[in-house]
């Protein structure tokens with residue numbers, strides 16, 4: 001149970017970072 005919820009937190013954290021990197025990349029291409 002504990003491991004399952006821990007994996008959930010890691011997964012949402014990873015997708016959050018991917019979304020951030022994706023957003024920054026789009027902003028960079030728009031600015032330049």
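In full-length UniProt numbering, the protein residues as written are 1 to 32. Cβ atoms here follow ideal geometry from the backbone N, Cα and C, with glycine treated the same way.
Neighbourhood of residue i by C-beta, 8 Å cutoff - its chain only, sequence neighbours within 5 removed
i	result
residue 26	none
DSSP state of residue i mapped onto helix, strand, coil
i	result
residue 32	coil
Residue i Cβ short of 6 Å to the ligand COA heavy atom set
i	result
residue 17	The ligand content of the structure shown is nil, which means the ligand COA is not present either.
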